[in-house]
Amino acid sequence: MEEFLVTAVGYLRLMVEATGAAIIGIGVLSTTFRYALSLLELRKYSNTEIRLHLGTYLALGLDFQLGANILATAVTPTLEEVQLLAAIVVIRTVLNYFLSKELERERQEVELEPKREAPPGRYGVGQDY
């Protein structure tokens, strides 16, 4: 029974870790797409909005990675594994803390920016008739 539990938790850890990596990958691709749209002037995103978009994905992905590390040591931890997990938790918690602070600051910046209006159409009122 213990072997089954160890195997099941091992597979679960791999799934959680893969999910975290996928979230980060999707965030990078999505942010790159937004940045390209902004460079091509097809959509207007400020650098702050782009960083905020990426930051949310990074924070979520880091949470999944931390969960995977916890699962890795949940079944039969050795002292060395627990120490390694403690170091990883501290590092990732500090990263997450500063990333959250940065995201909060960026959100406040975005909220303070004046709202963008639609560009005027041929008739000068934002729509063409």
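Positions in the sequence shown are counted from 1; adding 1113 to them yields my numbering. A virtual CB, placed ideally from N, CA and C, is assigned to each residue, including glycine. Small disclaimer: the values here were computed from a predicted structure and weren't measured.
{"Check": "Closest by C-alpha distance to ALA1135, when choosing among GLY1123, PHE1117, LEU1175", "Outcome": "LEU1175"}
{"Check": "Own chain residues within Cβ distance below 6 Å of LEU1167, not counting five before or after", "Outcome": "GLY1140, THR1144"}
{"Check": "Start-to-end residues for the alpha helix (DSSP H) that takes in LEU1142", "Outcome": "1115-1152"}
{"Check": "VAL1122 beta carbon less than 9 Å from that of ALA1199", "Outcome": "no"}
{"Check": "Under the three-state DSSP convention, the category LYS1214 falls into", "Outcome": "helix"}
{"Check": "C-beta atoms of LEU1208 and THR1169 nearer than 9 Å", "Outcome": "no"}
{"Check": "Counted within 10 angstroms of its Cβ, other Cβ atoms place PHE1177 as buried (16 or more) or exposed", "Outcome": "buried"}
{"Check": "Backbone CA spacing between ILE1201 and TYR1210 [nearest angstrom]", "Outcome": "14 Å"}
{"Check": "Neighbourhood of ALA1185 by C-beta, 6 Å cutoff - its chain only, sequence neighbours within 5 removed", "Outcome": "ARG1126"}
{"Check": "Reduced DSSP category for GLU1226 - H, G, I as helix; E, B as strand; rest coil", "Outcome": "coil"}
{"Check": "For GLY1133, the nearest candidate out of LYS1214, ASN1182, LEU1197 (CA to CA)", "Outcome": "ASN1182"}
{"Check": "Length of the line joining the Cα atoms of PRO1190 and MET1128", "Outcome": "20 Å"}
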